[in-house]
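What follows is a single structure, written as structure tokens, with notes after it.
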Amino acid sequence: MRTAWLTLLLAGVFEIGYALSVGGSHGFTIRTWSAAAVVFFLLTLWALSRALRRIDVSTGYAVWSGLGAVGAAVLGPLFFHETLTPTKAIWLAVIITGVIWLKLADHSTTDAVPNDG
């Protein structure tokens, strides 16, 4: 189960890379940023799908999207001169708190068997 959570964290990092790359691509008009976006997109989907083998989809998806949202909001100002206001920071803290509580509330078993049908 620990590996699944580490893989989900990695998927979140790839999601941040994807979000930032899409922003930098300016509507996929800048080739290097566009190529990075495609690579990060494939990596984030791969890592997320691996993590969801052991983590409930509802929990995993919420954590993954929360990590991506928070990461993009925090790093956006560094890459693109966006603003991170105190109000945004408060709501990002709410998202982070929710992600932590989702992790603590996860009752998935390590013996979970994928549902093939």
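Just so you know, the sequence shown maps onto residues 1 to 117 in my numbering.
Where is the CB? At the ideal position from N, CA and C, for every residue including glycine.
Remember, it's a predicted structure, so these values are computed and weren't measured experimentally.
Residue i: CB within 7 angstroms of a non-hydrogen atom of the ligand PLP
i	result
residue 80	Judged by which ligands are present, the structure shown has none, so any question about the ligand PLP falls away.
Limits of the alpha helix (DSSP H) - the one that residue i falls within
i	result
residue 84	No alpha helix (DSSP H) contains residue 84, which DSSP labels as neither H nor E.
residue 125	Given a span of 1 to 117 for the chain in the structure shown, any question on residue 125 remains unanswerable.
residue 2	2-25
residue 28	Premise fails: residue 28 is in no alpha helix (DSSP H) and is neither H nor E.
Rounded straight-line distance, which links the Cα of residue j to that of residue i
i	j	result
residue 36	residue 21	6 angstroms
residue 71	residue 13	8 angstroms
residue 110	residue 61	Low confidence applies here, because residue 110 scores a pLDDT of 47, under 50, leaving its location unreliable; read the following figure in that light. Roughly 18 angstroms between the two C-alpha positions.
residue 49	residue 86	34 angstroms
residue 25	residue 19	10 angstroms
residue 6	residue 103	12 angstroms
Proximity winner among the options, relative to residue i (alpha-carbon distances)
i	options	result
residue 106	88, 16, 57	57
residue 43	23, 16, 25	16
residue 3	38, 39, 54, 40	54
residue 89	73, 80, 104	73
State whether the stretch 52-66 contacts the stretch 29-37, with contact taken as three or more CB pairs (one from each stretch) at a distance under 8 angstroms. no
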